[in-house]
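Peer 1:
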Amino acid sequence: MKAKAIRSLIYWQLFRINDLPTEILSLILRDVVWSGTVPEAGITNRLHITWVSKRWREVAINDSTLWSAIWFRDQPPHERSFCWFDRAGKATLDIRVAEPRGGQWTGPQMEVFLDRVFVKLEQIRSLIVVVDNWPPALVVLDKIQDYSTRRTFGLLERFELHRNGSPYVWIGAGYEPDRHRDPMRLFGGAILPALKSITINGVHIDWNRSPLSNLSRLDIRRIPLEMSPTLPRFREILQNCPNLIRLSLDGAGPVWSPTLAAAFPPVVLPSLRHLVIGDYSLQYAMYVATQISAPNIRELTLMNLVGEDYAPFFTLMTGAFPEVRLLTVQNVECVAVPASRAVMVKWLKSMPKMAFFRMANLKINFLQLFLADGEDPNSGIVRWEANTIIPPRQTIAPNLLYLEVYASDPALVVSLVLARKAIGAPFRKVFVDHNLIAKFTPEQSKAVTADGTPVFILPAPVQTIEEVELMAD
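For the sequence shown, full-length UniProt numbering gives the first residue as 1, with consecutive numbering after it.
#1: Which residues share a DSSP beta bridge with Asp219?
#2: With a threshold of 16 other CB atoms inside 10 Å of the CB of Gly174, please say whether the residue is buried or exposed.
#3: Starting from Ser213, follow the alpha helix (DSSP H) in both directions and report where the run begins and ends.
#4: Of the residues Leu416, Val405, Gly319, Val468, which one's Cα is nearest the Cα of Phe456?
#5: Quick one: what's got a C-beta closer than 6 Å to Asn378's C-beta in the same chain, skipping five residues either side?
#6: Per DSSP, what kind of secondary structure is Gly174 in: helix, strand or coil?
#7: When DSSP labels each residue in this structure, what does His162 get in the three-state scheme?
#8: Just to confirm before moving on: does the CB-CB distance between Asn365 and Ala397 stay below 8 Å?
#9: Is it buried or exposed for Lys2, if we count other Cβ within 10 angstroms and need 16 for buried?
#10: Which residue marks the beginning of the alpha helix (DSSP H) containing Gly307, and which one marks its end?
#11: Exposed or buried, Ala419, counting other C-beta atoms within 10 Å across all chains shown (16 or more means buried)?
#12: Return the chain-ordered list of same chain residues with a C-beta closer than 6 Å to the C-beta of Ser210, the five sequence neighbours on each side being excluded.
#13: If you draw a straight line from the alpha carbon of Leu326 to that of Leu155, how long is it in whole angstroms?
#14: Can you tell me whether Asn18 is buried or exposed? The criterion is at least 16 other CB atoms within 10 Å of its CB, across all chains shown.
#15: Looking at C-alpha atoms only, which residue of Arg150, Glu333, Gln123 is the closest neighbour of Tyr280?
#16: Go ahead and label Tyr310 buried or exposed: buried means 16 or more other beta carbons lie within 10 angstroms of its beta carbon, across all protein chains shown.
#17: I'd like the span of the beta strand (DSSP E) that includes Asn331, first residue to last.
#18: Got a sec? Which residues, its chain only, sit under 6 Å from His204 by beta carbon, not counting five neighbours each side?
#19: Which runs of the alpha helix (DSSP H) at least 4 residues long sit entirely within the region 373–448? Give them in chain order.
#20: From this set, Thr441, Ile423, Leu367, which residue's C-alpha is nearest Arg393's C-alpha?
#21: Report all residues from its chain with a CB closer than 8 Å to the CB of Ile43; omit the five preceding and five following residues, and keep chain order.
#22: If I measure Cβ to Cβ from Arg235 and keep anything under 6 Å in the same chain, skipping five residues before and after, which residues do I get?
#23: Roughly how many angstroms separate the alpha carbons of Leu93 and Thr106, rounded to a whole number?
#24: Roughly how many whole angstroms lie between the Cα atoms of Val117 and Leu47?
#25: Could you confirm whether any beta carbon from chain C is found closer than 8 Å to the beta carbon of Ala360?
#26: Less than 8 Å between C-beta atoms, sequence neighbours within five positions excluded: which residues of the same chain meet that for Ile95?
#27: Roughly how many whole angstroms lie between the Cα atoms of Leu470 and Val417?
#28: With Ala360 as the anchor, note down where its beta strand (DSSP E) starts and where it stops.
#29: Taking the C-alpha atoms as reference points, what is the distance between His162 and Leu14?
#30: With DSSP as the reference, please indicate the residues paired to Gly278 in a beta bridge.
#31: Could you please give the first and the last residue of the uninterrupted beta strand (DSSP E) stretch that includes Arg96?
#32: In whole angstroms, what separates the C-alpha of Arg101 from that of Pro76?
#33: Return helix, strand or coil for Phe72, following the three-state DSSP convention.
#34: Just the C-alpha distance for Glu160 and Leu218, rounded to the nearest angstrom, thanks.
#35: I'd like the list of long-range same chain contacts for Ser408, defined as Cβ closer than 8 Å, with 5 residues on each side in sequence excluded.
#36: Straight-line CA distance for Phe370 to Ser257?
Take a look at the structure:
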């Protein structure tokens, strides 16, 4: 028995892994490389593998698939990244471009860079570009438009362009080169059969002449109304994507046309499972909500709805998403008005299958909604202190099992966990961001776990197993 135990402890050290066939060892090394939970791990894992032994280095370098995911974030001329680019050979490529450490992209640098990357244009499966300023972002749009007139992005499935600078600082008359002033067509207007996912963040395109159809994911963010698609074009895009699974509208949407909107029925999106709405005024949120019908939503995300009483918006949302399993709410206000609280309680009641709640930057007024009595919406206020709580006759979110927390007041998190337990609806697991857990006092940490509730620390924003299982339902 002792020998068996010792063998199990040291077997992994004795296993003759280098005697495995090359193709088997290659598969093992791929699993090691992609096992990281954060993007940086994919870079360091590949480096470490090539340092272990001559055998591993040969196998790794000769495996083009191992080098096919490339994150360009080193300083120009990107010697390390282009070394991996060359090692990838003819493999399908996933390209991610970020601001180089200690610097920022310029327009000319981006031109030279893309000319080199687009040597393998036909091999690119995903292209994600994240920059801060206008010049490199516009060069990206210009280059993909130019190259599309001569060659085709035949394998491209995913395209993302993010300009992270000031959201509504827009270019105008006098901008050089002048050909960048006017909105450009994505891919020169060419239809790409493989393209399924598009993200446009902080830049403008020619919405009318860009190929936006048959998508499974559409994500638009931080676009001024004057540079947005018209309402008819916005509706046309949605109608042309019958298999749309994820729709994200964050500070972006159709041009404001309330009179025209009243004449249209909502666009039905039966395949939509994920919906994100954020950074909207009350009137605009209601305007967009009237244009979309998605009864099969599984994950609903609401962000940055503040400064007004959004009760009319939540009235529209009540009953619209009965299949929601996962609710994410970040920086959303609940005003301390009994009538408004009643509206929001009714909205939560209309999502009885919700099992996972993700929160960030929420105030006590919103969290008290989860303690209300479905038959007495304003009772949650007096139920907040755990030692005075009387279980409600009708529990809000009765199937809520998991809580995930970011950027929140630790005291409110503790109170919510204890209060849900006191009303007979405890959380099964609590997930806390690693940055937030450091702000918990020893007493708060002890209070959360005192009743046996497991608390897990998330090293980065990643999908938990529970979330994956809920979304698979």
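Glycine is no exception: its CB is placed at the ideal position from the N, C-alpha and C atoms.
Peer 2: Taking the geometry as given:
#1: Thr199, Ser248
#2: Note on Gly174: pLDDT 49, under 50, position unreliable in the model; the coordinate value appears next. Gly174 should be labelled exposed.
#3: That residue, Ser213, is in no alpha helix (DSSP H); it is neither H nor E in DSSP.
#4: Val405
#5: Pro338, Arg341
#6: With a pLDDT of only 49 at Gly174, under the threshold of 50, the placement of this residue in the model should not be trusted, and no figure is reported.
#7: strand
#8: no
#9: exposed
#10: Taken as a continuous stretch (DSSP letters only), Gly307 belongs to no alpha helix (DSSP H), as it is neither H nor E.
#11: buried
#12: Arg185, Leu186
#13: 32 Å
#14: exposed
#15: Glu333
#16: buried
#17: 326–332
#18: Pro183, Met227
#19: 410–422, 434–437
#20: Ile423
#21: Trp71
#22: Val267
#23: 24 Å
#24: 22 Å
#25: Judged by its chain identifiers, the structure shown contains no chain C, having just a single protein chain.
#26: Ile70, Phe72, Val117, Ile124, Ser126, Leu127, Ile128
#27: 21 Å
#28: 356–360
#29: 48 Å
#30: Asp250, Met303
#31: 93–97
#32: 10 Å
#33: strand
#34: 10 Å
#35: Met359, Ala360, Asn361, Leu362, Leu436
#36: 36 Å
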